[in-house]
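Colleague:
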Amino acid sequence: MNELYHWFDLLGVAVFAISGTLIAHNKSMDGFGVIVLASVTAIGGGTIRDLILDVPVFWVSDTSYIITILVAVALTILWLNHRQSFPNYYLQLADAFGLSFFAIMGARKAIMLEVPDTTVVIMAVMTGCFGGVIRDVLAREIPMLLKGELYAITCIAGATLYTQLIHLNVVDELAMIAGGITILLLRLAALRWKIGIPVFRYSENNNRQ
Amino acid sequence: MNELYHWFDLLGVAVFAISGTLIAHNKSMDGFGVIVLASVTAIGGGTIRDLILDVPVFWVSDTSYIITILVAVALTILWLNHRQSFPNYYLQLADAFGLSFFAIMGARKAIMLEVPDTTVVIMAVMTGCFGGVIRDVLAREIPMLLKGELYAITCIAGATLYTQLIHLNVVDELAMIAGGITILLLRLAALRWKIGIPVFRYSENNNRQ
Amino acid sequence: MNELYHWFDLLGVAVFAISGTLIAHNKSMDGFGVIVLASVTAIGGGTIRDLILDVPVFWVSDTSYIITILVAVALTILWLNHRQSFPNYYLQLADAFGLSFFAIMGARKAIMLEVPDTTVVIMAVMTGCFGGVIRDVLAREIPMLLKGELYAITCIAGATLYTQLIHLNVVDELAMIAGGITILLLRLAALRWKIGIPVFRYSENNNRQ
Numbered sequence: 001m002n003e004l005y006h007w008f009d010l011l012g013v014a015v016f017a018i019s020g021t022l023i024a025h026n027k028s029m030d031g032f033g034v035i036v037l038a039s040v041t042a043i044g045g046g047t048i049r050d051l052i053l054d055v056p057v058f059w060v061s062d063t064s065y066i067i068t069i070l071v072a073v074a075l076t077i078l079w080l081n082h083r084q085s086f087p088n089y090y091l092q093l094a095d096a097f098g099l100s101f102f103a104i105m106g107a108r109k110a111i112m113l114e115v116p117d118t119t120v121v122i123m124a125v126m127t128g129c130f131g132g133v134i135r136d137v138l139a140r141e142i143p144m145l146l147k148g149e150l151y152a153i154t155c156i157a158g159a160t161l162y163t164q165l166i167h168l169n170v171v172d173e174l175a176m177i178a179g180g181i182t183i184l185l186l187r188l189a190a191l192r193w194k195i196g197i198p199v200f201r202y203s204e205n206n207n208r209q
Numbered sequence: 001m002n003e004l005y006h007w008f009d010l011l012g013v014a015v016f017a018i019s020g021t022l023i024a025h026n027k028s029m030d031g032f033g034v035i036v037l038a039s040v041t042a043i044g045g046g047t048i049r050d051l052i053l054d055v056p057v058f059w060v061s062d063t064s065y066i067i068t069i070l071v072a073v074a075l076t077i078l079w080l081n082h083r084q085s086f087p088n089y090y091l092q093l094a095d096a097f098g099l100s101f102f103a104i105m106g107a108r109k110a111i112m113l114e115v116p117d118t119t120v121v122i123m124a125v126m127t128g129c130f131g132g133v134i135r136d137v138l139a140r141e142i143p144m145l146l147k148g149e150l151y152a153i154t155c156i157a158g159a160t161l162y163t164q165l166i167h168l169n170v171v172d173e174l175a176m177i178a179g180g181i182t183i184l185l186l187r188l189a190a191l192r193w194k195i196g197i198p199v200f201r202y203s204e205n206n207n208r209q
Numbered sequence: 001m002n003e004l005y006h007w008f009d010l011l012g013v014a015v016f017a018i019s020g021t022l023i024a025h026n027k028s029m030d031g032f033g034v035i036v037l038a039s040v041t042a043i044g045g046g047t048i049r050d051l052i053l054d055v056p057v058f059w060v061s062d063t064s065y066i067i068t069i070l071v072a073v074a075l076t077i078l079w080l081n082h083r084q085s086f087p088n089y090y091l092q093l094a095d096a097f098g099l100s101f102f103a104i105m106g107a108r109k110a111i112m113l114e115v116p117d118t119t120v121v122i123m124a125v126m127t128g129c130f131g132g133v134i135r136d137v138l139a140r141e142i143p144m145l146l147k148g149e150l151y152a153i154t155c156i157a158g159a160t161l162y163t164q165l166i167h168l169n170v171v172d173e174l175a176m177i178a179g180g181i182t183i184l185l186l187r188l189a190a191l192r193w194k195i196g197i198p199v200f201r202y203s204e205n206n207n208r209q
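Protein chains in written order, with the numbering used here: chain A, 1 to 209; chain B, 1 to 209; chain C, 1 to 209.
#1: Measure from the C-beta of B:Ser61 to each C-beta in chain A and report whether the shortest distance is under 7 Å.
#2: Taking Cβ positions only, does B:Pro56 come closer than 7 Å to chain C?
#3: Distance, Cα to Cα, C:Leu106 vs C:Ala157?
#4: Can you list the alpha helix (DSSP H) stretches of 4 or more residues lying completely in the stretch 105 to 153 of chain C, in chain order?
#5: Nearest chain A C-beta to C:Gly196 closer than 7 Å, yes or no?
#6: Just mark C:Trp59 as buried or exposed, buried being the case when its beta carbon has 16 or more other beta carbons within 10 Å.
#7: On the criterion of 16 or more Cβ atoms from any shown chain inside 10 Å, does A:Glu67 qualify as buried, or is it exposed?
#8: Can you give the Cα-Cα distance for C:Tyr5 and C:Arg108, rounded to whole angstroms?
#9: Taking its Cβ as the centre, do 16 or more other Cβ atoms sit within 10 Å of B:His25, making it buried, or is it exposed?
#10: Near B:Val115, which residues of its chain fall below 8 Å by C-beta distance, leaving aside the five closest residues on each side in sequence?
#11: Based on DSSP bridge pairs, tell me the residues matched to A:Gly196.
#12: What does A:Asp30 touch in chain C if you count any residue whose Cβ is under 7 Å from its own?
#13: At least one CB of chain C closer than 7 Å to the CB of B:Leu163: is that the case?
#14: Under the rule that 16 or more other beta-carbon atoms within 10 Å means buried, what is C:Ala38, buried or exposed?
#15: Would you say B:Ile77 lies against chain A (beta-carbon separation less than 7 Å)?
#16: Mind reading off the beta-carbon distance from C:Gly45 to C:Gly128? Whole number of angstroms is fine, and I expect it under 8 Å.
#17: In chain A, what lies closer than 7 Å to B:Asn81 by C-beta?
#18: Do we get a CB-CB distance below 7 Å when we pair C:Ala159 with the residues of chain A?
#19: Tell me the residue span of the alpha helix (DSSP H) that contains B:Asp50.
#20: Less than 6 Å between C-beta atoms, sequence neighbours within five positions excluded: which residues of the same chain meet that for B:Leu75?
#21: Just how far apart, CA to CA, sit B:His167 and A:Ser64?
#22: Can you check whether the C-beta of B:Arg208 is within less than 7 Å of a C-beta belonging to chain C?
#23: Between the C-alpha atoms of C:Asn206 and A:Asp30, what's the straight-line distance to the nearest angstrom?
#24: Give the secondary structure of C:Asn169 by DSSP, where H, G and I count as helix, E and B as strand, and everything else as coil.
#25: If we call anything under 7 Å between Cβ atoms a contact, is A:Ser28 one with A:Ala94?
#26: Please return the same chain residues whose Cβ sits closer than 7 Å to the Cβ of A:Ala14, not counting the five positions on each side in sequence.
#27: Could you round the C-beta distance between C:Ile48 and C:Ser100 to whole angstroms and report it? I think they count as a contact, below 8 Å.
#28: For the alpha helix (DSSP H) containing B:Val57, list its first residue and its last residue.
#29: So the candidates are B:Asp117, B:Ala175, B:Phe200 and B:Gly12; which of them puts its Cα closest to the Cα of B:Gly132?
#30: In three-state terms, what does DSSP make of B:Thr163?
#31: Starting from the beta carbon of C:Tyr151, find every residue of chain A whose beta carbon is closer than 8 Å, and list them in chain order.
#32: For B:Tyr151, count neighbouring C-beta atoms within 10 Å of its own C-beta (all shown protein chains included) and say buried if the count is 16 or more, exposed if not.
#33: Round the Cβ separation of A:Ala103 and A:Ala159 to the nearest angstrom and send it over; I've been treating them as touching at under 8 Å.
#34: At least one CB of chain B closer than 7 Å to the CB of C:Leu51: is that the case?
#35: Can a CB atom of chain C be found closer than 7 Å to the CB of B:Pro116?
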């Protein structure tokens with residue numbers, strides 16, 4: 001069973017590595033920096049989670065994550081070199097899948113340490129979002145997370161659902177699937193219909209700085 | 001007594017959460033990203049401190065910090081939605097208070113672990129300044145910390161005073177108040193009179209890159 | 001012998017502190033923020049390494065690192081104030097030396113913890129490159145690491161050589177020198193002849209975003 005989780009984790013790493021490679025291509029980067037950007041995107045969020053939860057960082061003694069990243073990056077580069085352009089949509093799609101996998105895996109890791117529910121949800125957000133935040137900061141983009149569209153909140157919804165299902169003694173696998181699909185659908189809906197939750201009432205002639 | 005420190009800590013978290021929300025509004029952000037930016041500002045510095053000192057991260061098993069952030073952000077949003085603009089001065093004021101609380105709480109946490117005095121002072125700077133640095137990096141602003149005005153050095157002054165008073169066996173509360181007020185007054189003075197410590201002698205026709 | 005390593009470590013800290021000060025000058029920064037930028041450059045990479053390897057952060061109970069930074073920054077400021085400009089070349093040279101020292105010291109620290117070889121190499125990259133990445137992010141530059149020229153890959157080459165030599169039971173000192181010189185020469189060659197490893201085949205009329 002843990003075997004299965006490991007594969008899901010690797011899948012999350014792969015899609016985020018792809019998303020890092022796509023953004024590197026978008027920003028006309030080149031060379032080995034591309035792999036660094038992909039790696040930071042893929043394992044950055046989980047690394048921060050493990051540091052904060054004070055558990056061994058997941059990739060330090062397990063080389064499968066690094067190999068996954070290298071394979072994912074290599075395939076993406078091959079693909080990009082054959083089709084010189086790609087719609088921005090694919091980047092956001094890869095990001096949505098990574099978000100969903102990572103958030104639930106992060107929540108699961110936290111729930112096993114018996115931290116409060118709010119911390120479980122925060123860990124889901126961190127695992128899911130912070131790799132992408134580091135990616136965007138390094139690539140000097142406005143972090144997707146901080147834009148108006150639903151992003152972190154999809155993780156909060158999915159992780160809260162997951163946490164509640166676990167408390168209701170639902171089987172772990174089922175709870176994970178329910179939580180993960182919630183995140184994915186919410187994020188895809190947000191992308192499709194530009195759904196956001198406006199919190200500020202910006203006036204037209206707002207004195208923005 | 002520890003109860004009292006906890007309240008001070010929460011107060012620091014609240015003012016930094018407000019400062020994060022204000023900058024999010026300033027940058028025309030929206031949605032849940034505002035709460036993420038506020039949270040990172042409020043608990044980022046202390047999180048880095050706890051990671052480096054290798055003690056449990058303060059908010060992981062204590063939900064009161066997260067609740068404080070949510071309340072502070074909600075109130076700030078309400079306030080901003082009623083008064084569409086606010087002077088930049090308030091942002092800097094909130095920042096100065098957060099700086100002062102956090103720096104002293106950081107110094108206190110470090111001094112209890114019996115690290116060298118220089119490390120105590122560095123921890124004060126990290127706790128006080130690094131949440132704001134992350135905030136500014138994410139919002140793509142030049143970090144206040146790196147501008148010419150007195151910023152980190154106010155923490156150094158206050159934390160050094162605090163450390164020396166503790167070594168002189170002054171009561172903890174008194175030492176904290178003395179250190180905290182030093183930071184606050186220095187920072188407010190720096191804002192009021194644009195005080196900086198120029199270290200470079202920039203010529204007029206400097207070949208800056 | 002450990003004495004000698006400590007001195008090398010301090011030398012790495014000094015050159016990175018210089019590189020941080022130079023970039024602060026380049027960006028027309030001033031005040032104490034210069035010291036913060038220099039410090040983050042000098043100890044940022046090693047701090048992240050120690051956090052991830054879950055060992056005590058190297059500078060927390062050893063004040064010699066902080067003193068080294070302060071001296072290096074002070075001397076650099078003096079020098080800059082006498083010669084108002086400096087060629088960008090010196091910044092890159094200081095960076096190359098820091099890269100080489102830090103990468104090997106990072107690999108050595110990791111190899112002693114008996115992590116997999118890939119992790120040893122990653123730790124070399126992190127120790128060598130991440131201080132500079134933080135420096136560039138704070139200074140709002142495109143991280144050198146992400147530009148096309150050989151950068152991270154020099155650390156990978158040097159650290160791989162070092163790791164293999166250690167496995168072949170070569171004396172530690174010799175392995176370190178071989179690895180370190182490899183990094184330095186590769187990086188200098190990359191700077192001199194603009195060597196990069198193009199991974200993307202960018203077309204002329206690429207629809208870059």
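Just so it is clear, CB atoms sit at the ideal spot from N, CA and C, and this is done for glycine as well.
Modeller: In short:
#1: Taking the second sequence and counting its residues from 1, one reaches residue 61 of chain B at position 61. Yes, B:Ser61 counts as interfacial toward chain A.
#2: For this step, residue 56 of chain B is matched to residue 56 along the second sequence. No, B:Pro56 lies away from the interface with chain C (no Cβ there is under 7 Å from its Cβ).
#3: Translated into the one-based positions of the third sequence, residue 106 of chain C becomes position 106. Translated into the one-based positions of the third sequence, residue 157 of chain C becomes position 157. Residue identity differs from the one stated: residue 106 of chain C is Gly in this sequence, not Leu. Looking at the two C-alpha atoms, the distance is approximately 14 Å.
#4: 117 to 138
#5: Taking the first residue of the third sequence as 1, we reach residue 196 of chain C at position 196. For C:Gly196, the answer is yes, since a Cβ of chain A falls inside 7 Å of its Cβ.
#6: On the third sequence, residue 59 of chain C is found 59 positions in, with the first residue counted as 1. By the 10 Å Cβ count, C:Trp59 comes out buried.
#7: As a first step, residue 67 of chain A must be located in the first sequence, where it is residue number 67. One point to set straight first is that residue 67 of chain A is Ile, not Glu, in the sequence displayed. By the 10 Å Cβ count, A:Ile67 comes out exposed.
#8: Numbered from 1 along the third sequence, position 5 holds the residue referred to as residue 5 of chain C. Numbered from 1 along the third sequence, position 108 holds the residue referred to as residue 108 of chain C. The alpha-carbon of C:Tyr5 is positioned some 10 Å away from that of C:Arg108.
#9: Counted from its first residue, the second sequence places residue 25 of chain B at position 25. Buried: at least 16 other Cβ atoms inside 10 Å.
#10: Here the question's residue 115 of chain B lines up with position 115 in the second sequence. Contacts found: Leu53 and Met123.
#11: Position 196 of the first sequence holds residue 196 of chain A. Paired residue(s): A:Glu149.
#12: Within the first sequence, the letter at position 30 stands for residue 30 of chain A. Correct list: Gly148, Gly196, Pro198, Val199 and Phe200.
#13: Indexing the second sequence from 1 puts residue 163 of chain B at position 163. Strictly speaking, residue 163 of chain B in this sequence is Thr, with Leu absent from that position. No, B:Thr163 lies away from the interface with chain C (no Cβ there is under 7 Å from its Cβ).
#14: Counting from 1 along the third sequence, the entry for residue 38 of chain C is found at position 38. Looking at its Cβ environment, which holds 16 or more other Cβ atoms inside 10 Å, C:Ala38 is buried.
#15: On the second sequence, position 77 is the one that residue 77 of chain B refers to. Closer than 7 Å: yes.
#16: As a working mapping, residue 45 of chain C is identified with position 45 in the third sequence. As a working mapping, residue 128 of chain C is identified with position 128 in the third sequence. With 8 Å as the limit, C:Gly45 and C:Gly128 qualify as a contact, their Cβ atoms being about 6 Å apart.
#17: Counting from one through the second sequence, the residue named residue 81 of chain B turns up at place 81. The contacting residues are Phe200 and Arg201.
#18: In the third sequence, residue 159 of chain C corresponds to position 159, counting from 1. Not an interface residue.
#19: Here residue 50 of chain B corresponds to residue number 50 of the second sequence, with the count starting at 1. Gly33 to Leu53 is the extent of the alpha helix (DSSP H) around B:Asp50.
#20: For the purposes of this step, residue 75 of chain B is taken as residue 75 along the second sequence, with counting starting at 1. Excluding sequence neighbours, B:Leu75 sits near nothing in its chain.
#21: To locate residue 167 of chain B, count along the second sequence from 1; it is residue 167. To locate residue 64 of chain A, count along the first sequence from 1; it is residue 64. One C-alpha to the other measures close to 51 Å.
#22: Within the second sequence, residue 208 of chain B is the residue found at index 208, counting from 1. Because the pLDDT of B:Arg208 is 41, which lies under 50, any placement of that residue in the model is unreliable, and the number read from its coordinates should be weighed accordingly. Taking Cβ atoms only, chain C reaches closer than 7 Å to B:Arg208, which makes this a yes.
#23: Sequence index remark: in the third sequence, residue 206 of chain C carries index 206 (1-based). Sequence index remark: in the first sequence, residue 30 of chain A carries index 30 (1-based). Here C:Asn206 scores only 46 on pLDDT, less than 50, and its place in the model is too uncertain to base an answer on.
#24: Taking the third sequence and counting its residues from 1, one reaches residue 169 of chain C at position 169. Here C:Asn169 sits in coil by DSSP.
#25: Position 28 of the first sequence, counted from the first residue, corresponds to residue 28 of chain A. Position 94 of the first sequence, counted from the first residue, corresponds to residue 94 of chain A. No, the pair does not count as a contact, with Cβ atoms beyond the cut-off.
#26: What you label residue 14 of chain A is simply residue 14 of the first sequence in a count that begins at 1. Within the same chain, A:Ala14 has close Cβ partners Thr68 and Ala72.
#27: By 1-based counting over the third sequence, the position of residue 48 of chain C is 48. By 1-based counting over the third sequence, the position of residue 100 of chain C is 100. C:Ile48 to C:Ser100, Cβ: 18 Å. No contact.
#28: For the purposes of this step, residue 57 of chain B is taken as the residue at position 57 of the second sequence. That residue, B:Val57, is in no alpha helix (DSSP H); it is neither H nor E in DSSP.
#29: Counting from one through the second sequence, the residue named residue 132 of chain B turns up at place 132. With distances taken between Cα atoms, B:Gly132 lies closest to B:Gly12.
#30: As a working note, residue 163 of chain B is residue 163 in the second sequence. Of the three classes helix, strand and coil, the one that applies to B:Thr163 here is helix, per DSSP.
#31: Residue numbering aside, residue 151 of chain C sits at position 151 when the third sequence is read from its first letter. The answer, in chain order, is Gly31, Phe32 and Gly33.
#32: Walking along the second sequence from the start, residue 151 of chain B turns up at place 151. Classification of B:Tyr151: buried, given that the 10 Å Cβ count is 16 or more.
#33: To locate residue 103 of chain A, count along the first sequence from 1; it is residue 103. To locate residue 159 of chain A, count along the first sequence from 1; it is residue 159. Confirmed, about 6 Å.
#34: Translated into the one-based positions of the third sequence, residue 51 of chain C becomes position 51. Judged by the 7 Å Cβ criterion, C:Leu51 is in contact with chain B.
#35: For the purposes of this step, residue 116 of chain B is taken as residue 116 along the second sequence, with counting starting at 1. Judged by the 7 Å Cβ criterion, B:Pro116 is in contact with chain C.
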